[in-house]
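Working notes, structure below.
Residue numbers (the working numbering): 18 to 144.
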């Protein structure tokens, strides 16, 4: 199963040093370019260790960083960041969305995207 990753869950699992759980649970974890920029590029500029862990993990796993995508027109006017818009758009076409922000999660579900938060992933991994 493919699970598109938004910034929140990526940082949670990097901080917990459990990114491998995502690789074990999902065949592919595409990362939108805006999410990668926010989580890795900006994180490294600010000196965050989890950004370095995430960069290392992504470079050693077949997780594609998806270039800028056309944002789904159903998201026009929704109060979302660029990474959230890209992640929802990609997930709508490719699979489930890993996202923690409740407002963005609600928007995703309204447009038909299945979502799971970090806690849900931990529960799935435990089972």
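Beta carbons are placed, not taken as given, at the ideal position from N, Cα and C, and that holds for glycine. For clarity, every value in this text was computed on a predicted model and none was experimentally measured.
Check: Touching by the beta-carbon criterion (3+ pairs, under 8 angstroms), the region 71-87 and the region 37-50; Outcome: yes
Check: Segment contact flag, the region 22-31 with the region 52-63, C-beta cutoff 8 angstroms, min 3 pairs; Outcome: yes
Check: Identity of the residue in 94, 98 and 40 nearest residue 141 by Cα; Outcome: 40
Check: Rounded distance between the beta-carbons of residue 51 and residue 112, thought under 8 angstroms; Outcome: About 18 angstroms; that fails the 8 angstroms criterion.
Check: Counted within 10 angstroms of its Cβ, other Cβ atoms place residue 136 as buried (16 or more) or exposed; Outcome: exposed
Check: C-alpha gap between residue 88 and residue 34, whole angstroms; Outcome: 31 angstroms
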